[in-house]
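Notes follow once the structure below has been shown.
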Amino acid sequence: MRTVSKGGFKAFRGSAATAESYLLERDTDRLDDYYREGTERTVEHGVIGAGGIEMGELSAEQFRAWMEHRDPVTDEVRGTFRQRRFINSEGVEEVGGTPLYQETIISVDKTLSLAAAANPRVAAALEQAMSRACTAAAEAVSEHAVTRVGDIGKQRQVKFERMEFTSVQHTTSRTGDPHYHRHMQILPVGVAEGRWRAVDGRTLYRLAERVNAAADLSLSTDMELRQVLAAEGLSWEPAQGGGRITEFAALVDEHSARRDQVAQNREALEMEWRIAHPGVEPGPRQWQAWDTHAWAQERPTKKPDAELTPEGLARTVGEVTPQNVDRTLYGQEASQIDPAVIGDGALDDLGRQRSAWSLADVEAAVDRRLAQTYLISSEGVAELRQAAIDTAMQRSVSFLDHGVNVEGVRHYTSDQVLAVDQQLTDALTARAVMPGEAGTVTVEREGFTLSAEQQTAAEAIAGTHELVVIQGAAGAGKTTMLEAAADSLTGQGRRLVVVSPTKRGALEAGDVLGVDGESVHALLYRAGARVDDTGRWQLPEQWRTQPEGWRLDERTVLVVDEAGMLDQDTAQALHQYVDDMRLGSLVLSGDAAQLAAVGRGGYLARAAQLATASLDLTDVRRFRTPDGQIDEGYADLSLRMRDREDAGQIFDELAARGLIQTGTPDELRVRLSETLALEHTAGRSTIAVTATNAAAQQINHAVYERLVAAGIIDPSTVTHGRDGDPIAAGAQVATRENDRELGVANRQTWTVRSVNADGRITVADPKTGHHRTLDAEYVAEHVQLAYAVTGHGAQGMTVDTAHAVLSDEMEAAGVYVGMTRGRTANVLHVVATGHDEAREQFIDAFARDSADRGLDEARKQVERDMRGIVTGHDATVAAEVDQLTQEAAKAERQATVWDDAAAQFARLREQQAVELHQLEQAAETTQDTAQQMHAQVLAPLRTEAQTDGAEIAALRERATQAHQEARSAGRFSRRRAERDAQTATSEWEQARDSATQRWGSAPWGAGEVESWAERVSQQAAGQDPRVRDASKAATAAKIELGAASKRHPLEASSLARQVFRNDPAAYVMTAESGERRAIRYAEQWRDRATTARAEVVELRQLPTAQAAERVQAKHQAAAEQAARDKQLAHERAERLRQEQPHRSRAYPSVPHRGPNIGR
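Numbers 1 to 1159, taken from UniProt numbering, label the letters of the sequence shown in order.
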């Protein structure tokens, strides 16, 4: 399985079987039986279209088809789906190619998960509410998701007409801890402009906050869920993740800590197994074994072991007592909320976070605000939300043309952000334009000499410049340079005051320079400024007087250390203050490549652009070889890390130096904790840098245990600090909140000297030895172990050895900070099975940078994002050109189809003509043959019949004469005459009988011989087999000719009905008429193609604005004509209804869409 995580979405490129396995968990025996009855997981399926959203469910087989981009019902393939299998460098088969889906996870607040685990009614309501929240999240995606259409370099964004998603409900984490979450899969293709197209990934990856905010608002305003919670006596309050159940809040830390520890154990077991079984997927028993072993491993805690099992945690959850005794549902309706307040607040929220935003960001901010309002009814929420969005957008200012919105591009800002940026620019410019001269400093310091860069920078600070900006790479000696400048200023009778965005940074810089250090916020607070409930600085009408050591005047040089971490709003307030105090010189020191401001940044970069005295120190001297010399190779490597150059090459060089460590989570944790413990034992300063506090805590606990075992930490008296961290004498800890009375700063590092039984501790600064006593309450809330810290905690540190722990949460700046803290070594630790995987993670980390860099960088980012995208008039014209081009192509295809149809008719016509000709010839030939045969047979028969007839006629005549003679004969001759007559009669009768036998009849007299002979010879000839066969052949040919004559119109009609579909004329169409009509249609379509292409040429020749105006006029005219046609049709239908009220409904005919050939 390969997933790429960007902006909260993961592109899944594994197999459908693998996805089904981890989503539906049918091949595992999981621990969520404690919180769920093991019911079969349902795959919900949603289709979002113009008519709204249609929900259903998919079977396992349908889900597999859907994941492979096939219609779950028809099996039709959507778009282009390609997958490939390959063997990676570790010899393991992987699946690549088209992602099956883009996935994100909808989660709820931990307290809601615990409440659901404890109460079946809450569980059922929560699952239903999460289903609805997932639908809201999917609709948010559909609202903003786009595809790109057009030629590369001139593409326009197109919204989807249809998108699909699925979701699967889970109730526990992978470790079996109650964790209600829903996996939502977005099909990465949708229907746009009539065809399946790919979703633009860059836009999708920037919708994570919009999606999560939409889900949160849906959950927070879900009436069914809220009513069930109230009915069960539970107290709900607004919070991210659908709200918080206050009764379960106390259990969150314990459950979360145990979950993290079990997840860590389980991940280590799984990694070890996969290394031992490459290319093999674990089975149900293996998953169950990991779960069992992961829960069995212990964790340092105050809780008894029995309470750390799944059963124990489930029992604890079930023992919580509801506190909403009156079962009241607290809240307000949409009509009670002012949309302007929501919209203004949302814009203020965005302005504090970043310099620019997108429409999706605005909607997310509005949703976040609404989710905090205790809304208890869905009525009017949509209208309220839209009004709030409109308010925010009316106050937003776009970097693009008015009215143009580009999805996925943060091209909006606000007047407030622009005003602050301009005020800062004016304030910086006012100082930058004042002439100044460089001072002098002592180059030769104790034990070392300033570099040329350091000297120039120190002289600029010691001179008369009103604005000095010193940027420097990690290890370039910014602090050393400041020390030289401070000495020079002291000699001039001028004062140096040091502040920093963090109090710890200011204290450290102040200690080095021998002056007091303070945070920027503390300086402003003492002067009377404050931050209001909206997060804005409120400045006093008159500034308060600062203590003597903090008064600013013309003889004062104010150094803002780590100025890259200063947000713009605070910087603007600081400028207002220092300018009112007529500050002599403002020095900004920092490194824009390190961790940036939490909020709207870019201040240091803007100052560097404007200042005439602006330097960048790149002569890095921090890093040392084993023999104590400057490690110039690593110094160069660190500069390339700073510039984000070729991450792959940097990784390879780090690996060549032996500074990359890989392994399973357990291997890395054991190795790293052992190394940190040994280095502390040896008296070396060392630190591990992680991306999250949770990761740091795991390392801290492991190091603590080893130092206890080594006798460095005395566990005889232990108290517990933040997140349950054990605190004992000898431990290295950090304070996590500024406290002026205690004299400690956030992220300041200390060594515990002693622990009192009441929970108080005494700590010492490891550098200065200064002691502080911290009360038990502060310790429990704000003290934690500090062998491992996050990047923000490490920034500004310098230690002997640093260890950076790479994870998906670490960005480029964090890697740079982590890999530049150590003087003698900086080691990167990566959870990976080998070099290639670790290298890929390193490259991915260097590509991550979510920090805000100010308006200038925001504008540049918009320019980068807009490359290849057309908008406004350009988009209007491009869309029309695309449409016309598609119409021309379609028309040409249709013309080709009609050409094919005409060709079919032509072939049919030719075939029928040839067939008729052949049959006519055959009929004529057989008829001639029959006639010839008849004549041939008839001739001798006629002669024979004539002879026989003549003979019979003669014999009859003779018999008649003999009878006459017998009647007239005398007495003596009569007997002979009668005998002669009898003989003659007998001869005639014999001849007649013979003729009758031969011919079927005999002539009566001589007058009948000719007709008789013709008749009987014809009959005899007709009975002749030769004549009969010839006659049959002629008749058959004539019948075949007649059948073809009747069949041909039917064939033509059949082809016509196939080609012309429901056209009634097709029933009487011949091949000739069908061919003529098809040719006419082909010519009409070809004319359309020619017209469309000519219009494209004309549009491209016109100026863009004029072309756009022409397109808009065309569309408006078409819309007006369509409206008129619709009105006329309605009027005709109404008249018909009135005239013929009982007439049955007439269904409209299907419009002609072209031939149906081959369908």
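Ideal placement from N, C-alpha and C gives every residue a C-beta, glycine not left out.
Around the Cβ of residue 335, a 10 Å sphere holds fewer than 16 other Cβ atoms; the residue is exposed. Residues 762 and 764 of the same chain have their beta carbon placed closer than 6 Å to that of residue 753, with the five preceding and five following residues left out of the count. Beta-bridge partners assigned by DSSP to residue 616: 471. DSSP, reduced to helix, strand and coil, places residue 10 within a strand of the structure shown. For residue 1095, the enclosing alpha helix (DSSP H) has its first and last residue at 1071-1101. Secondary structure of residue 743 (DSSP, three-state): coil. Bounds of any alpha helix (DSSP H) do not take in residue 451, whose DSSP letter is neither H nor E. Here DSSP, grouped into helix, strand and coil, assigns residue 787 to coil.
Contact between residue 852 and residue 621 fails: their C-beta atoms lie close to 31 Å from each other, not under 8 Å. Between the region 691-698 and the region 710-719 there are fewer than three inter-stretch CB-CB distances shorter than 8 Å, so the stretches are not counted as touching. For residue 1048, the uninterrupted alpha helix (DSSP H) run begins and ends at 1025-1060, by DSSP.
Residue pairing by DSSP puts residue 169 in a beta bridge opposite 182. Exclusion of the five residues before and after residue 887 leaves 1092 as the residues of its chain whose Cβ lies within less than 6 Å of its Cβ.
When the beta-carbon positions are compared, residue 812 and residue 839 stay at least 9 Å from each other. Under the three-pair Cβ rule at 8 Å, the region 318-333 does not count as touching the region 342-349. In this chain, the beta strand (DSSP E) harbouring residue 190 covers 189-192. In this structure, residue 387 lies near residue 340, with their beta-carbon atoms less than 9 Å apart. For residue 385, the uninterrupted alpha helix (DSSP H) run begins and ends at 381-395, by DSSP. The alpha carbon of residue 613 has as its nearest neighbour, out of 429, 1030 and 476, the alpha carbon of 429.
Nearest Cα to residue 551 within the set 494, 482, 595 and 500: 494.
In the structure shown, residue 330 falls within a coil segment according to DSSP collapsed to helix, strand and coil. Here the alpha carbons of residue 1052 and residue 865 stand approximately 59 Å from one another. Comparing alpha-carbon positions, the option among 169, 1089, 917 and 737 lying closest to residue 891 turns out to be 1089.
Rounded to whole angstroms, the separation of the alpha carbons of residue 926 and residue 1038 is 9 Å. Straight-line spacing of the CA atoms in residue 655 and residue 792 works out to 25 Å.
Between the region 637-653 and the region 661-671 there are fewer than three C-beta pairs closer than 8 Å, too few to call the two in contact. Annotated as distal: residue 323 and residue 242, with beta-carbon spacing of 9 Å or more. Within a 10 Å sphere around the beta-carbon of residue 569 sit 16 or more other beta-carbons, which makes this residue buried. Residue pairing of residue 357 in beta bridges, as defined by DSSP: 412.
Our two residues, residue 173 and residue 534, have alpha carbons roughly 36 Å apart in a direct line. In the three-state DSSP reduction, residue 853 falls in the coil class, being neither helix nor strand.
When DSSP states are grouped into helix, strand and coil, residue 931 belongs to the helix group. Per DSSP, residue 690 is not a residue of any alpha helix (DSSP H); the beta strand (DSSP E) it occupies stretches across 686-690. As DSSP reads the structure, residue 163 sits in a beta bridge with 48.
If the five residues before and after residue 503 are omitted, its C-beta is found closer than 8 Å to the C-beta atoms of 517, 518, 519, 522, 738, 745, 746 and 748, all from its own chain and listed in chain order. Here residue 821 has 687, 689, 794, 797, 798, 799 and 802 as same chain residues with Cβ atoms under 7 Å from its own Cβ, once five neighbours each way along the sequence are excluded.
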